[in-house]
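Participant: Would you mind keeping the following structure in view while I ask a few things?
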Amino acid sequence: MLRSHLLLPRALECRKAIEQRPASGIIVQESALYVEGAGVGMGEYCMLDGSAAPSRQYGAAGKPGLKGASPVGTRLSRRDFVRGATLATGAAMVAPRALAQQSPNETLGVAVIAVGGMGGYAVDAGLTERVVAFADIDDGRMAEALKKAAERRPDLPAPRAYADYRKMLDECRKDIDVVLISTPDHHHATAAMRAINMGKHVFVQKPLAYTIGECRALARAAKRHKVLSQMGNQGHCGEAIRRACEYLWDGCIGNVTETHSILGRNFGGSGGRPETKPTPAGVHWDEWIGGSPYRDYHDGLHPFSWRSWRDFGTGTIGDMACHNLDVLFWALKVGEAKTLTLECLNTSGGSAEMFQQDNVVRYDVPARADMPPLKVYVYDHQGLKPPVMLETEKECEVKFSECTLFLGEKGKFWTTGTAGQARILPLEKHAEYPAPAQTLPRAHGGPIEDLFWAIKNNGVPCSNIPDASGPLTEFALLGHLAQKAGVGQKVEWDVERMRCTNLPELNELVRRKYRSGWRI
3 MLRSHLLLPR ALECRKAIEQ RPASGIIVQE SALYVEGAGV GMGEYCMLDG
53 SAAPSRQYGA AGKPGLKGAS PVGTRLSRRD FVRGATLATG AAMVAPRALA
103 QQSPNETLGV AVIAVGGMGG YAVDAGLTER VVAFADIDDG RMAEALKKAA
153 ERRPDLPAPR AYADYRKMLD ECRKDIDVVL ISTPDHHHAT AAMRAINMGK
203 HVFVQKPLAY TIGECRALAR AAKRHKVLSQ MGNQGHCGEA IRRACEYLWD
253 GCIGNVTETH SILGRNFGGS GGRPETKPTP AGVHWDEWIG GSPYRDYHDG
303 LHPFSWRSWR DFGTGTIGDM ACHNLDVLFW ALKVGEAKTL TLECLNTSGG
353 SAEMFQQDNV VRYDVPARAD MPPLKVYVYD HQGLKPPVML ETEKECEVKF
403 SECTLFLGEK GKFWTTGTAG QARILPLEKH AEYPAPAQTL PRAHGGPIED
453 LFWAIKNNGV PCSNIPDASG PLTEFALLGH LAQKAGVGQK VEWDVERMRC
503 TNLPELNELV RRKYRSGWRI
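Structure follows, in structure tokens:
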């Protein structure tokens with residue numbers, strides 16, 4: 003079912019900021035309406051060893067085919083943020099490598115892979131530039147996107163329409179500068195790697211990839227081809243995540259030794275595969291399956307509930323950790339750890355077909371940089387709240403839903419879901435604490451807008467794959483290994499070698515196999 007969300011305005015404040023700081027990169031959308039639906043029409047994942055050239059084979063059913071400004075941030079949900087969120091002052095991010103020079107006034111050739119659900123954001127953003135082509139497996143959603151393009155950009159030729167993004171990339175490659183990907187999880191890396199190997203900049207909705215191995219391969223490929231990249235974790239573009247880092251690095255609660263994060267979902271289930279049904283008219287099913295093992299159409303997949311299924315989604319931790327573990331991963335420098343230990347503390351259900359539910363996973367992070375050892379507790383949903391969160395709710399008169407609670411030597415700190423707000427607890431202590439200086443570069447709009455800005459201004463997108471979203475998504479997907487190992491079983495992880503060192507059988511989850519025609 004579609005749900006509509008109006009963006010929170012703050013129009014007067016933002017207008018004033020723009021007038022006072024015309025070069026700040028603030029973007030305001032006073033009355034934008036974003037309709038968020040379920041999944042997307044296309045798929046996207048590949049082997050991703052980072053070296054192969056794009057395949058030109060299009061196969062059916064696995065057969066080979068033919069060639070063809072609050073200082074800490076406003077409370078915005080990720081859905082509120084999708085269409086041009088309000089951001090505070092921007093400092094240009096200078097690229098450490100040479101990029102193709104693109105005039106800020108020159109429009110970009112954009113290809114959009116998946117135009118429904120979260121793909122609506124990509125369509126809207128693409129139409130501010132020059133959309134070359136759309137790809138989607140659902141003819142109904144394609145028709146809606148083409149209609150929107152005709153209404154909003156009658157000055158431009160109609161985008162070319164494809165059911166298979168592989169064919170779109172091959173046929174339109176000379177006209178494409180950047181590819182925007184909003185498919186189900188199992189397609190993210192397949193589509194992104196094809197685009198990167200063609201030298202195209204890419205935006206990929208979260209999670210970046212379906213497996214840890216895909217994350218690492220995409221990072222290598224982005225570096226090798228010198229393309230710009232961005233993941234769609236909207237909070238990473240916002241002000242609150244930067245203020246959280248700046249407050250915590252200033253020592254507002256001392257050394258942080260423990261965090262508790264609620265993801266806010268409970269995807270998964272138990273049991274086997276539902277009965278086969280006829281594929282709905284206008285749905286290109288083989289293209290939806292993509293590189294995953296082929297199965298006939300059944301309920302619970304297109305357009306949204308695929309998140310619960312092992313062959314297509316990444317469960318609750320894959321869906322939400324890129325939002326709700328983002329602050330702690332950055333602020334507490336978790337990416338500098340060379341090894342990690344994980345343990346599943348609670349789980350239920352699950353089957354060969356569906357993810358486990360009600361998961362609680364603890365990450366033990368050793369000392370790194372100038373920070374002490376850290377315990378990161380991750381809960382699928384708020385029904386699993388630990389005593390420390392329940393006690394803090396009473397003591398500080400707050401209510402925790404999607405969020406992270408930081409426990410430090412000198413107090414507590416709180417960030418809401420998708421880095422919407424950041425506060426010292428109790429709240430009166432936040433008002434008393436001297437605000438630290440702003441030291442981090444600011445983004446230039448939402449995830450796609452920030453990517454477009456970086457392409458045109460020789461910058462670096464804030465949630466780029468090699469430095470930010472790749473390591474973050476790897477960290478999130480490690481939760482699958484702990485859940486697979488089961489309650490009470492320690493999982494020892496070597497970050498650099500990308501291997502579980504004590505339970506080698508879990509390493510089968512690090513990479514995946516792909517159907518013929520979908521390998522890269």
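Counting with my numbering, you get residues 3 to 522 for the letters of the sequence shown.
The beta-carbon is built from N, C-alpha and C at its ideal position, and this holds for glycine as well.
Bear in mind that the values here come from a model prediction, so they are computed numbers and not experimental data.
1. Would DSSP call residue 495 helix, strand or coil?
2. For residue 192 and residue 472, I'd like the C-alpha separation in whole angstroms.
3. Give the straight-line distance between the Cα atoms of residue 520 and residue 395, rounded to the nearest whole angstrom.
4. Would you be able to state if there are at least three C-beta pairs under 8 Å between the region 283-300 and the region 434-443?
5. If we ignore side chains and look at the alpha-carbon of each, how far apart do residue 341 and residue 427 end up?
6. Using the rule of at least 16 other Cβ atoms within 10 Å of the residue's Cβ for burial, across every protein chain shown, is residue 506 buried or exposed?
7. According to DSSP, is residue 232 part of a helix, a strand, or is it coil?
8. Sort 185, 189 and 176 by Cα distance to residue 201 and report the nearest one.
9. For the alpha helix (DSSP H) containing residue 125, list its first residue and its last residue.
10. Alpha carbon to alpha carbon, what distance is there between residue 162 and residue 301?
11. Grouping DSSP H, G and I as helix and E and B as strand, with all else coil, what is residue 51?
12. Using the rule of at least 16 other Cβ atoms within 10 Å of the residue's Cβ for burial, across every protein chain shown, is residue 504 buried or exposed?
13. Using CA atoms only, rank isn't needed, just tell me which of 147, 459, 131 and 415 is closest to residue 259.
14. Applying the 10 Å Cβ sphere with the 16-neighbour rule, what's the burial state of residue 418?
15. Mind checking which residues open and close the beta strand (DSSP E) that includes residue 381?
16. With DSSP as the reference, label residue 218 as helix, strand or coil.
17. Give, in chain order, every unbroken run of the alpha helix (DSSP H) that is at least 4 residues long and sits entirely within the region 402-446.
18. Starting from residue 452 and walking both ways along the alpha helix (DSSP H), at which residues does that stretch end?
19. Exposed or buried, residue 181, counting other C-beta atoms within 10 Å across all chains shown (16 or more means buried)?
20. Taking the straight line between their C-alpha atoms, what separation do you get for residue 334 and residue 465?
21. Look at residue 131 and residue 454 and say whether their C-beta atoms are less than 8 Å apart.
22. Can you say whether residue 280 is buried or exposed, counting buried as having 16 or more other CB atoms within 10 angstroms of its CB?
23. Quick check on residue 166: buried or exposed, where buried means 16 or more other Cβ atoms within 10 Å of its Cβ?
24. Going by DSSP in three states, residue 15 sits in which element: helix, strand or coil?
25. What are the uninterrupted segments assigned as alpha helix (DSSP H) that are 4 or more residues long and contained completely in the region 295-342, given in chain order?
26. Contact between the region 354-368 and the region 483-502: three or more CB pairs below 8 Å?
27. Quick one: what does DSSP say residue 131 is sitting in, helix, strand or coil?
28. Are the region 255-269 and the region 367-387 in contact at 8 Å, needing three or more beta carbon pairs?
29. May I have the straight-line CA-CA distance separating residue 445 from residue 332, to the nearest angstrom?
30. Is the beta carbon of residue 140 sitting closer than 8 Å to the one on residue 122?
31. Would you say residue 431 touches the ligand HEM, meaning its beta carbon is less than 7 Å from a heavy atom?
32. Taking the C-alpha atoms as reference points, what is the distance between residue 154 and residue 369?
33. Give the secondary structure of residue 140 by DSSP, where H, G and I count as helix, E and B as strand, and everything else as coil.
34. Please classify residue 330: is it buried, with 16 or more other beta-carbons within 10 angstroms of its beta-carbon, or exposed?
35. Across which residues does DSSP place residue 113 in a beta bridge pair?
36. Let me know if residue 508 comes out buried or exposed under the rule of 16 or more other beta-carbons within 10 Å of its beta-carbon.
Facilitator: Per the coordinate set shown:
1. Taking the first residue of the sequence shown as position 1, residue 495 is located at position 493. In the structure shown, residue 495 falls within a strand segment according to DSSP collapsed to helix, strand and coil.
2. As a working note, residue 192 is residue 190 in the sequence shown. As a working note, residue 472 is residue 470 in the sequence shown. Approximately 15 Å, taken between the alpha carbons.
3. For the purposes of this step, residue 520 is taken as residue 518 along the sequence shown, with counting starting at 1. For the purposes of this step, residue 395 is taken as residue 393 along the sequence shown, with counting starting at 1. Their backbone Cα atoms lie some 49 Å apart in a straight line.
4. Contact fails: fewer than three Cβ-Cβ distances are below 8 Å.
5. For the purposes of this step, residue 341 is taken as residue 339 along the sequence shown, with counting starting at 1. For the purposes of this step, residue 427 is taken as residue 425 along the sequence shown, with counting starting at 1. Going from the Cα of residue 341 to the Cα of residue 427 covers about 31 Å.
6. Translated into positions along the sequence shown, residue 506 becomes position 504. With fewer than 16 other Cβ atoms inside 10 Å of its own Cβ, residue 506 counts as exposed.
7. Walking along the sequence shown from the start, residue 232 turns up at place 230. Of the three classes helix, strand and coil, the one that applies to residue 232 here is strand, per DSSP.
8. In the sequence shown, counting from the first residue as 1, residue 201 sits at position 199. Selected option, being the one with the closest Cα: 176.
9. Position 123 of the sequence shown, counting from 1, holds the residue named residue 125. Looking at the DSSP string, the run of the alpha helix (DSSP H) that includes residue 125 is 121-128.
10. On the sequence shown, position 299 is the one that residue 301 refers to. On the sequence shown, position 160 is the one that residue 162 refers to. The alpha-carbon separation between residue 301 and residue 162 amounts to approximately 30 Å.
11. Looking up residue 51 in the sequence shown gives position 49. In this prediction, residue 51 has a pLDDT of 37, which is less than 50 and means its spatial position is unreliable; nothing more can be read from the coordinates.
12. In the sequence shown, residue 504 corresponds to position 502, counting from 1. Exposed, since its Cβ has fewer than 16 Cβ neighbours within 10 Å.
13. Within the sequence shown, residue 259 is the residue found at index 257, counting from 1. Nearest option by C-alpha distance: 415.
14. One-based indexing of the sequence shown puts residue 418 at position 416. The residue is buried, with at least 16 neighbouring Cβ atoms inside 10 Å.
15. As a position in the sequence shown, residue 381 is number 379, starting the count at 1. From DSSP, the beta strand (DSSP E) with residue 381 extends over 376-381.
16. The sequence position of residue 218 within the sequence shown is 216, counting from 1. Correct three-state label for residue 218: helix.
17. 429-434
18. Residue mapping note: residue 452 aligns to position 450 of the sequence shown, counting from 1. It spans 449-459 - the alpha helix (DSSP H) in which residue 452 sits, taken as one unbroken run.
19. In the sequence shown, residue 181 corresponds to position 179, counting from 1. The residue in question, residue 181, is buried, as its Cβ has 16 or more Cβ neighbours within 10 Å.
20. The residue you call residue 334 lines up with position 332 of the sequence shown. The residue you call residue 465 lines up with position 463 of the sequence shown. Cα to Cα, residue 334 sits roughly 17 Å from residue 465.
21. The count along the sequence shown starts at 1 and reaches residue 131 at position 129. The count along the sequence shown starts at 1 and reaches residue 454 at position 452. Cβ atoms of residue 131 and residue 454: closer than 8 Å.
22. For this step, residue 280 is matched to residue 278 along the sequence shown. Exposed.
23. Within the sequence shown, residue 166 is the residue found at index 164, counting from 1. Counting Cβ neighbours within 10 Å, residue 166 comes out buried, since at least 16 surround it.
24. Counting from one through the sequence shown, the residue named residue 15 turns up at place 13. Per-residue confidence for residue 15 stands at a pLDDT of 40, beneath the threshold of 50, marking its modelled position as unreliable; no derived number is given.
25. 317-326 and 328-333
26. yes
27. By 1-based counting over the sequence shown, the position of residue 131 is 129. Residue state, collapsed to three classes: coil.
28. Short answer: they touch.
29. Counted from its first residue, the sequence shown places residue 445 at position 443. Counted from its first residue, the sequence shown places residue 332 at position 330. Taking the straight line from one Cα to the other gives about 15 Å.
30. In the sequence shown, counting from the first residue as 1, residue 140 sits at position 138. In the sequence shown, counting from the first residue as 1, residue 122 sits at position 120. No, Cβ-Cβ distance for residue 140 and residue 122 is not below 8 Å.
31. The ligand HEM is absent from the structure shown, which contains no ligand whatsoever.
32. Locating residue 154 in the sequence shown gives position 152, where the first residue counts as 1. Locating residue 369 in the sequence shown gives position 367, where the first residue counts as 1. As the crow flies, the alpha-carbon of residue 154 is around 52 Å from that of residue 369.
33. For the purposes of this step, residue 140 is identified with residue 138 of the sequence shown, where counting begins at 1. It is a strand residue.
34. Stepping through the sequence shown from its first residue, residue 330 is reached at position 328. Classification for residue 330: buried.
35. For the purposes of this step, residue 113 is identified with residue 111 of the sequence shown, where counting begins at 1. DSSP links residue 113 through a beta bridge to 135 and 181.
36. On the sequence shown, position 506 is the one that residue 508 refers to. Buried, since its Cβ has 16 or more Cβ neighbours within 10 Å.
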